[in-house]
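Going by UniProt numbering, 229 is the number at position 229 of the sequence shown; the sequence numbering is gapless.
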Amino acid sequence: MKLSVFTVVTPDLSPEELAAAAKEAGIDGIEWRFKEVPEEFKNEKPSFWRNNLCSIDPSATDEEIERFARVAREHGLQTISVTPYLKAGDIEATERVLQVAQKLGAKVIRVGVPNYDRSTHYNELFDLEVRYLEAVEPLAKKYGVKCLVETHHNTIIASASAALRLVSRFDPNHIGVLFDPGNMIHEGYENFRMGMELLGPYLAHVHIKNTGWKKADVREDGSQAWTSYWEPNLEGIVNWKQVLADLKAVGYDGYLGVEDFSGKYGSKELLKQYGEEVRSILASI
């Protein structure tokens, strides 16, 4: 298994600074955040989802896109993913991401999945996503870039089994699953090894982050409420040594992408810490 970084977690680094820090940390690949930074955010302090300096603007020219290819190439890093925030059903935006991914030599992108908030029936959302992926699959084949749905809380695929129900009708050469145990602690937890076994050939990429739970305010009926929050990779509920051992056991040999939102470390320290921690675990298993 190899290490990568999703640049959402290095918002204060330029692409050049990120590539240099990743190389120094022993990281092998980059997942470029693909999202515009609105003008009203650009004077803010850098942050994960607003003024993120390590992002590709969807309207970037070929010359601007080449900057990202060049910095990865100059540091001996592989661009493994272009990772956007797509809306399920937006084929035009999806094809744009595929075009950029192809130019950068990326092997995968993340595609949209409907949120679930009780306002729309699950079956309606599921049918919408199936129609979307039916249109996405031939585009994935055309551009030679696999399209991944992510196990994510507050969506229709919070768990591995829900993700499998969605993707099982598609070719795993073109449609796959981004397996994210940290998200599944928020919602969607299943035995992680079982989820890997269920996904089989659809298991295409893994994100590493972690989550905790703590007591919140008491509800109106007097019962105890709980809330989830981000933890550093080795301090939350996910037992990453066990998960990595399980990934090895099922034959996974892809990338492990850091996505630590805990805020405990600065960007460069986070990459260094991640590289040391995960390489140590991989050596021990």
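Beta carbons are placed, not taken as given, at the ideal position from N, Cα and C, and that holds for glycine.
Same chain, Cβ closer than 6 Å to residue i, five either side skipped, listed in chain order
i, result
"E187", "H153, A158"
"Y229", "G212"
Best match in the options for proximity to residue i [C-alpha to C-alpha]
i, options, result
"I175", "Y202, E190, V206", "Y202"
"R96", "I65, A72, Q78, H75", "I65"
"N233", "V258, L247, V250, R219", "V258"
"residue 293", "M194, R110, V243, A163", "In the structure displayed, the chain extends from 1 to 285; residue 293 sits before or after that span and is not available."
"F179", "Y252, K268, N52, G105", "Y252"
"A93", "G112, S81, I80, Y229", "G112"
"L270", "Y255, R118, V9", "V9"
"G263", "K209, Q224, A245", "K209"
"D28", "S284, K268, Y255, F41", "Y255"
"K146", "D127, H205, R131", "H205"
"N52", "P38, D62, A22, T61", "P38"
"D62", "E150, V100, F6, S55", "V100"
"S267", "A225, P46, L3, W240", "P46"
Residue i burial status per 10 Å Cβ neighbour count (16 or more: buried)
i, result
"P11", "buried"
"H121", "exposed"
"V218", "exposed"
"V250", "exposed"
"I285", "exposed"
"G195", "buried"
"D260", "buried"
Chain B within 8 Å of residue i, Cβ atoms only
i, result
"S55", "No chain B appears in the structure shown, which is made up of a single protein chain."
For residue j and residue i, believed in contact at Cβ under 8 Å, the rounded distance
i, j, result
"R279", "G89", "Going by Cβ atoms, the distance from R279 to G89 rounds to 40 Å, so no, they are not a contact pair."
"E17", "S81", "About 19 Å; that fails the 8 Å criterion."
Proximal residues to residue i (C-beta, below 7 Å), its chain only, five neighbours per side dropped
i, result
"F170", "L133, E137"
"E231", "N210, T211, G212, S262"
"R50", "F41, E44"
"I156", "V113, P114, Y116, Y122, L125, F126, E129, A162"
"Y85", "K35"
Close-in-space but distant-in-sequence residues of the same chain around residue i (CB under 8 Å, 5 per side omitted)
i, result
"S59", "E36"
"E74", "A19"
Exercise for review: May I have a chain-ordered list of the beta strand (DSSP E) segments no shorter than 3 residues that lie completely inside the stretch 134-209?
Suggested key: Listed in chain order, the complete beta strand (DSSP E) runs (minimum 3 residues) inside the stretch 134-209 are 146-150, 175-179, 203-208.
Practice item. Kindly provide the ranges of any beta strand (DSSP E) runs that are 3 or more residues long and lie completely inside the stretch 251-280, ordered along the chain. Key: 255-258
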